[in-house]
């Protein structure tokens, strides 16, 4: 099941969505692709890592080699790295061409309507805070992980959660097998959310996806209630 487009036209240009897509593509093709160091070193130096967020310190060579946090004091591999700032950096890093294109397609389909509903500043705040929340959920579930966490998926999942609350009945034209089927957004996104729990044991950070989506749902329910109370 893959989204082709949504039947939910907007009246404004999704400026922030376009900027976010451009920034992600530039970072992947222009920065990651042009980095002098190898891909592994690039990610360990810059990406968010659960163990580092748990301890507050960059990984040591022993922790990288062992693949787990260590309580033994040792000089960090990259002492200049800020584990918390790396959370924001990770939102613009991706593991492959397919990874970044897949994420940007979802952002393009669902982001424009959320941006129109929230306004540019509100939308950007929800996107970034949602990305942080998604990362923290992953850290809580995997506090000793030393694997770099990359991708805009968590932030985009937060946008999906908002979309499910604000536009549940709008149709998402989806590729299901060989057929294009217009599915209600609530159904499409509900299936997407449940499917994340089947990704355990893979290299997909499904906990971040689920956490970001849950954050988006809660944020949208809270904000929608406030918007309604203001109107009435």
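In the numbering used here, the protein residues as written are 22 to 253. Glycine included, every Cβ here is placed at the ideal spot set by N, Cα and C.
Query - Runs of beta strand (DSSP E) wholly within the segment 154–199 (minimum 3 residues, chain order) - result: 192–197
Report task. Determine the direct distance from the alpha carbon of residue 26 to that of residue 35, and round the result to whole angstroms. Result -> On the chain shown, residue 35 is found 14 positions in, with the first residue counted as 1. On the chain shown, residue 26 is found 5 positions in, with the first residue counted as 1. Going by the C-alpha atoms only, they are around 15 Å apart.
**Report entry** Residue burial classification, residue 70 (beta-carbon count within 10 angstroms, cutoff 16)
**Finding:** Taking the first residue of the chain shown as 1, we reach residue 70 at position 49. Answer is buried; the Cβ neighbour count reaches 16.
Query raised in the report: Taking the C-alpha atoms as reference points, what is the distance between residue 65 and residue 169?
Result: What you label residue 65 is simply residue 44 of the chain shown in a count that begins at 1. What you label residue 169 is simply residue 148 of the chain shown in a count that begins at 1. Each residue's alpha carbon lies about 6 Å from the other.
**Report entry** Rounded separation between residue 240 and residue 200 - CA only
**Finding:** Within the chain shown, the letter at position 219 stands for residue 240. Within the chain shown, the letter at position 179 stands for residue 200. If I take the Cα positions, the gap works out to 34 Å.
**Report entry** Nearest-angstrom Cα separation, counted from residue 97 out to residue 43
**Finding:** As a first step, residue 43 must be located in the chain shown, where it is residue number 22. As a first step, residue 97 must be located in the chain shown, where it is residue number 76. Cα-Cα distance, rounded: 33 Å.
Query raised in the report: Leaving out five residues before and five after residue 76 in sequence, what residues of the same chain have Cβ atoms less than 7 Å from its Cβ?
Result: Walking along the chain shown from the start, residue 76 turns up at place 55. Contacts found: 90.
Query raised in the report: How many Å lie between residue 222 and residue 111 at the Cα?
Result: Sequence index remark: in the chain shown, residue 222 carries index 201 (1-based). Sequence index remark: in the chain shown, residue 111 carries index 90 (1-based). Going by the C-alpha atoms only, they are around 21 Å apart.
Report task. Compute the Euclidean distance between the alpha carbons of residue 176 and residue 219, then round it to the nearest angstrom. Result -> Within the chain shown, residue 176 is the residue found at index 155, counting from 1. Within the chain shown, residue 219 is the residue found at index 198, counting from 1. Computed Cα separation, rounded: 20 Å.
**Report entry** For residue 190 and residue 182, the rounded distance between their alpha carbons
**Finding:** Looking up residue 182 in the chain shown gives position 161. Looking up residue 190 in the chain shown gives position 169. Cα to Cα, residue 182 sits roughly 14 Å from residue 190.
Requested in this report: Going by CA-CA distance only, name the one from 58, 206, 158 that's closest to residue 235.
Outcome: What you label residue 235 is simply residue 214 of the chain shown in a count that begins at 1. When each option's Cα is compared against that of residue 235, the closest is 158.
Query raised in the report: Between 225, 156, 41, 243, which lies nearest to residue 233 when the distance is taken from Cα to Cα?
Result: Position 212 of the chain shown, counted from the start, is the residue given in the question as residue 233. That would be 156, whose Cα lies nearest to the Cα of residue 233.
Query raised in the report: residue 171 and residue 116 look like a contact to me (Cβ under 8 Å); what is the Cβ gap, rounded to whole Å?
Result: Here residue 171 refers to the residue found at position 150 of the chain shown. Here residue 116 refers to the residue found at position 95 of the chain shown. Contact holds; Cβ gap of about 6 Å.
Report task. Quick one: grab the DSSP three-state call for residue 69. Result -> By 1-based counting over the chain shown, the position of residue 69 is 48. The answer is strand: DSSP assigns residue 69 an E or B state.
Query raised in the report: Whose C-alpha, out of 84, 114, 78, 83, is nearest the C-alpha of residue 254?
Result: This structure leaves residue 254 out entirely; the chain is present only between 22 and 253.
Query raised in the report: Of all the options 144, 122, 121, which has the alpha carbon lying nearest to the alpha carbon of residue 132?
Result: By one-based count along the chain shown, residue 132 stands at place 111. With distances taken between Cα atoms, residue 132 lies closest to 144.
Requested in this report: Between the Cα of residue 150 and those of 167, 134, 180, spot the shortest distance and give me the residue it belongs to.
Outcome: Start at 1 with the first residue of the chain shown, and residue 150 comes out as number 129. Selected option, being the one with the closest Cα: 180.
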